[in-house]
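S.K.: These protein sequence lines map, in sequence, to chains V and E.
Here the working numbering is used: the first sequence runs in plain steps of one and ends on residue 422.
Here the working numbering is used: the second sequence runs in plain steps of one and ends on residue 608.
Quick reminder that beta carbons are idealized off the backbone N, C-alpha and C, glycines included.
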Amino acid sequence: MDAGKKEKVLLILSGLIIGSGVLTVSLAQGSIDPIVCGIVAGLWSVFFLVHVFLRFASHDGDPILLPLASVLTGMGLTVLLRLSPDLFFLQALWLVVGLTGFVVTVFLFQKPGRFADYKYILGGVGLVLLLSAILFGVEIGGHRSWLILGPVRFQPSEFAKLFIILFLAAYLSERREVLAFATRRYGPLLLPRLRFIAPLMAVWALTMLMLVVQRDLGSALLYFGITVIMTYMASGRFTYIAFGAFLFLFGSVLCYYLYSHVQVRVDIWLDPWKDPTGRAYQIVQSLFALGSGGILGSGLTYGFPKTIPEVHTDFIFAAIGEELGFIGSAAVMIIYLLFVYRAFRIALKAEQPFSALVAAGLAVFLALQVFLIVGGVTKFFPLTGITLPFISYGGSSLVANFVLLGMLYAISEVKPKP
Amino acid sequence: MMKNNLLGNIRRTACVLMGFLVILIAYISYVQVIEQDFLKGHPLNRRNIEAASSIQRGQILDRNGDKLATNLPNKDEKGRFKREYPLGRMTTHIVGYDSLQYGKSGIESSYNGYLSGMSNLSRSFGPFTRLWQENAGNDVVLTIDSSLQATAYQALGNHRGAVVVIDPRTGAILSMVSKPSFDPAELASQWQSISSAADAPLLNRATQGLYPPGSIIKVMVAEAALSKRITSPNSSFDCSGTLPIGRDYTLSEDKQTAHGHLSLKEALAVSCNITFGRLSLELGRNNMEDVFEKYGFQKPLTTDLQESACQLPKFNSLSDGDLAQLGIGQTSLLVTPLRMAVLAEVFANHGVIMKPFLVQRVVTPDGTVIEQNQPQQWLSPANPGLANLVAEMMVEAVANGTGGAAQIRGIKVAGKTGTAENPHGASHAWFIGFAPADNPQIAVAVIIENGGSGGGVAAPVARKIFTQALH
């Protein structure tokens, strides 16, 4: 089967899955809503349009990416329809914007190498986006990560990740050799020279700022993690990870003792049953949802996920776990696993170190984000407020992730020259 | 380049991160599969209440199909069914209440699984249960007779106290009243006054009230003394009004009346303290302990009801004075009215106790019976001959003794009165008995808190119940 046909069959499959999900929800709520069905049919037509258009323009990127994203987005839409139909309509709108962003990115990224030349501009933009959220962020729904520009509200940190990853990939692919070998011995420690790790230290400072000013443990961990891991991938020196982990641990311990909100997060994680109706309310409600779902789940619309605050964004995974059971939550996790696997595979097949690092960076970011938020709502890890890629409600998050998808797609279709 | 293989680094990173995700999946399976029972059943998990309120809760019916708890035709603003209790405060302590804020009690609590349909096996098949699931819970049919319940409720008047009526042939509880009561429909609006009232209307006195039994225990002591051959039906006793025990204690009759020369039957009829104090002393600590054991005072009766355990004295450390007091139902001994109805059952049913039960059957909305309670023999503490002998003595107590106020024209009534001293004021008035004496159909226990004399206050209440039940 050629790639185009594969993509088509998989999109039909995802359309069937989501179609039955949306039908189930609307039937259980009384009657089939023709508007909702029309919207879902329309959205999948757009998916097909994108598919046909790209194949027609003889793009032959990884055929698994778009179907995987469509299943995740579709599951998100189904759960949103069940939780609050208003958000379903808005998210459908954002999906169209996201798919447009996807196509545009595929075209822009035809020659990924071009972007390496503008690395400082890209890095600057990423930095400005992050700093703007840190300095001018407004709190909406418990997160102080929103920027309001007139009628437009968005979360700059969702877009900043794309710029930061491009910058790091360009910066690191240029300095791979220097980072790998320029080390100096400090007693028993073999550390890189300070001037080479200055950008690392800068990111560390930035993430600490996020932690302290924005109280955003999730974003801080994500951005710090991506920097350290990309530096490791470029240099092959485990020292960077060890050193980075040490820095972050040091900073975190300091924050634990200095800031009560960090202490609260950690204490809740260690023993949520000490204060289940107070500070640990959200995580305890999330655990109740997951446990009540059991293996098979309650069935769509038969659970009570609305007892969890912020269920449509950060905690949407718990809603899936309750109504679709372990079968549903495991399916979501396996789709992410496939996603991450394909992204790394694209990195390994890329023709230049720069595009390999970009793809690997995107894969790492995705994996870290899924690990942190799913680990957070299941109490595997202290809770951090970040979105579940492609599924959570939110325009910024959805559009940014479709741009990310476009970058992966474009890199995957660049074939090595014969 | 050996040390810096970009693809190798990416591959290693991929393996580690995907490994993390796999570990996370394993952990999620732990939460959703292994821990699901703990999380599902956790008292803070509101899902069970929410799920129950969205389906039509089963009805609670009496033995004739009269509704004791049902649902109002209209749901409330949150889409929940609202409960209605047609007999109101008359059946409060049997049926109980079902409140989101204040929990559940009575049958609403002990049969919640059936009423809400949540204990149905089909619930454990997740979404597949939606294919065949009933949207209504099961009906619970009680052994209660609502007209007898109303009679008992009215007969108690404005007294604090309790009535228990049992069919001695089956153990079926026909009526159970506790006063003061409250209207379960007003629970939410009146919670403050109901829960903090000094006379404790929330307490089901019939099963949870603990009282000294006083003289009604004498029927058991008489049977024990006969079976241990301490005395015989033909023996006679002397009562001089007081009985000095040891150096510093004297057991005495009420107002120190001397009953003079009398038989066991006469002693029971006039409720002679001296005779029964003496019998208890002669039986001794071990025998007395055996008797209480044999009559099942330490065995739980039924899971249909929340029952308080009876309090027995520490037999081997009783002083002689306390041992004599035990024979007339005083000392630290505390019993529930339900237990005393069961005691009456022994003599009404030839020495055999049928296990008391309140729920006849559980029926699904389509009429299938999913649980049925059959009459069940529980204990046989007395042999039939002795039980019938004591029953005759109880007939004498009503015909020519303290229980005269329970007499009905044309029906032979057996009974025993009690006037139990207690530290909370005037004596509690007791009556236990059964009728018709030669073919008993109902057995009753009546207590009126601080009501005074059993013969004067409790026996007339029993009389009204006998009349209604046997009309």
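(1) Kindly indicate if chain E contains any beta-carbon less than 8 Å away from that of A323/V.
(2) What residues in its chain sit with their C-beta under 6 Å from that of M138/E, if we drop five residues either side in the sequence?
(3) With H, G and I counted as helix, E and B as strand and the rest as coil, what does DSSP make of A563/E?
(4) Are the C-beta of G240/V and some C-beta of chain E separated by less than 8 Å?
(5) Can you give, in chain order, each stretch of the beta strand (DSSP E) that sits fully within the segment 282-326 of chain E and has at least 3 residues?
(6) Closer than 8 Å, CB to CB, is F157/E near chain V or not?
(7) Counting beta carbon pairs with one atom in the segment 362-377 of chain V and one in the segment 275-291 of chain V, are three or more of them shorter than 8 Å?
(8) Would you kindly work out how many angstroms separate the C-alpha atoms of Y124/V and H265/V, rounded to a whole number?
(9) How would you write the range of the alpha helix (DSSP H) that S4/V sits in, first residue to last?
(10) Can you find a C-beta in chain E that's less than 8 Å from the C-beta of F375/V?
(11) Should H316/V be counted as a contact of the ligand NAP given a C-beta to heavy atom distance under 7 Å?
(12) Between P313/V and the rest of its own chain, which residues show a CB-CB distance below 6 Å, the 5 nearest in sequence each way excluded?
(13) Using a C-beta to C-beta distance shorter than 7 Å, which residues of chain V count as neighbours of Q173/E?
(14) What's the call for T112/E, buried or exposed, on a 16-neighbour Cβ count within 10 Å?
(15) Is the shortest distance between the beta-carbon of Y164/E and the beta-carbons of chain V less than 8 Å?
(16) Where in the segment 317-397 of chain E do unbroken runs of the alpha helix (DSSP H), each at least 4 residues long, occur, reported from the N-terminal end onward?
(17) Using C-beta distances below 6 Å, list every residue in its chain close to V506/E, excluding the 5 sequence neighbours before and after it, in chain order.
(18) Counting along the chain, where does the beta strand (DSSP E) carrying A360/V start and finish?
(19) Using a C-beta to C-beta distance shorter than 8 Å, which residues of chain E count as neighbours of S333/V?
(20) What are the start and end residues of the beta strand (DSSP E) that includes Q497/E?
(21) Taking the beta carbon of M411/V as the centre, do at least 16 other beta carbons fall within 10 Å, making it buried, or is it exposed?
(22) Would you please verify whether the beta carbon of A173/V is less than 8 Å from any beta carbon of chain E?
(23) Under 8 Å, Cβ to Cβ, is there at least one residue of chain E near G389/V?
(24) Name the residue from P116/V, V344/V and A73/V whose alpha carbon lies nearest to the alpha carbon of Q356/V.
(25) Check the Cβ-Cβ distances between S302/V and every residue of chain E, and say whether any is below 8 Å.
(26) Establish whether the CB of P393/V and some CB of chain B are separated by less than 8 Å.
(27) Cα separation between V403/V and A164/V?
(28) What's the gap between the Cα of A519/E and the Cα of E426/E?
(29) How big is the Cα-Cα spacing for P597/E and T604/E?
(30) Sort out for me which residues DSSP pairs G570/E with in a bridge.
(31) Let me check understanding here. Comparing Cα to Cα, which of G541/E, I584/E, S312/E and G588/E lies closest to G562/E?
(32) Could you tell me whether the Cβ of P357/V comes closer than 8 Å to any Cβ of chain E?
(33) Indicate the three-state DSSP secondary structure (helix, strand or coil) for R194/E in the structure shown.
(34) Hey, G570/E and A551/E: beta-carbon distance below 8 Å or not?
(35) Are at least three pairs of beta-carbons, each pair with one atom in the segment 107-115 of chain V and one in the segment 81-92 of chain V, less than 8 Å apart?
(36) Please go through the same chain and pick out, in chain order, the residues whose beta-carbon is closer than 8 Å to the beta-carbon of G274/V, but skip the five residues on each side of it.
M.R.: Concretely, from the data shown:
(1) It does not; no Cβ of chain E falls within 8 Å.
(2) Note that M138/E scores 38 on pLDDT, short of 50, meaning its location in the model is unreliable and no value can be drawn from it.
(3) Strand.
(4) Taking 8 Å as the threshold, the shortest C-beta distance from G240/V to chain E falls below it.
(5) For the segment 282-326 of chain E, the continuous beta strand (DSSP E) assignments of 3+ residues that do not extend past its boundaries occur at 298-303 and 310-316, in sequence order.
(6) Output row for F157/E: interface = yes.
(7) No, the segment 275-291 of chain V does not touch the segment 362-377 of chain V.
(8) Cα to Cα, Y124/V sits roughly 35 Å from H265/V.
(9) Residue numbering for chain V in the displayed model covers 5 to 422; residue 4/V lies beyond these limits and cannot be assessed.
(10) Flagged as an interface residue toward chain E: F375/V, by a C-beta distance shorter than 8 Å.
(11) Judged by which ligands are present, the structure shown has none, so any question about the ligand NAP falls away.
(12) Closer than 6 Å at Cβ, skipping near neighbours: Q286.
(13) Ordered by position in chain V, the residues that pass the 7 Å Cβ test against Q173/E are G295 and G298.
(14) Chain E is shown from 138 up to 608; residue 112/E falls before or after that span and cannot be answered.
(15) Chain V, which has a Cβ nearer than 8 Å to the Cβ of Y164/E, makes this yes.
(16) Runs found: 324-333, 342-345 and 355-364.
(17) Correct list, in chain order: R498 and V500.
(18) No beta strand (DSSP E) contains A360/V, which is instead part of the alpha helix (DSSP H) from P357 to V381.
(19) Chain E residues near S333/V: I165 and Q169.
(20) Note, Q497/E: beta strand (DSSP E), V496 to V500.
(21) Counting other Cβ atoms within 10 Å of its Cβ, M411/V reaches 16 or more and is therefore classed as buried.
(22) Residue contact check for A173/V against chain E: no CB pair falls below 8 Å.
(23) For G389/V, the answer is no, since every Cβ of chain E falls outside 8 Å of its Cβ.
(24) Looking at the Cα atoms, P116/V is the closest of the given residues.
(25) At least one CB atom of chain E sits nearer than 8 Å to the CB of S302/V.
(26) Of the protein chains in this structure, namely V and E, none is chain B.
(27) Their backbone Cα atoms lie some 12 Å apart in a straight line.
(28) Rounded to the nearest whole angstrom, the C-alpha separation of A519/E and E426/E is 15 Å.
(29) Going from the Cα of P597/E to the Cα of T604/E covers about 11 Å.
(30) Paired residues: G552/E and V581/E.
(31) The residue among G541/E, I584/E, S312/E and G588/E with its C-alpha nearest the C-alpha of G562/E is G588/E.
(32) Yes, contact with chain E.
(33) The answer is coil: DSSP assigns R194/E none of H, G, I, E or B.
(34) When the beta-carbon positions are compared, G570/E and A551/E come within less than 8 Å of each other.
(35) Between the segment 107-115 of chain V and the segment 81-92 of chain V there are fewer than three C-beta pairs closer than 8 Å, too few to call the two in contact.
(36) With the sequence shown as reference, residue 274/V is identified as Leu, and Gly is not the correct amino acid for it. Within the same chain, and ignoring the five residues on either side of L274/V in sequence, no residue has its Cβ closer than 8 Å to its Cβ.
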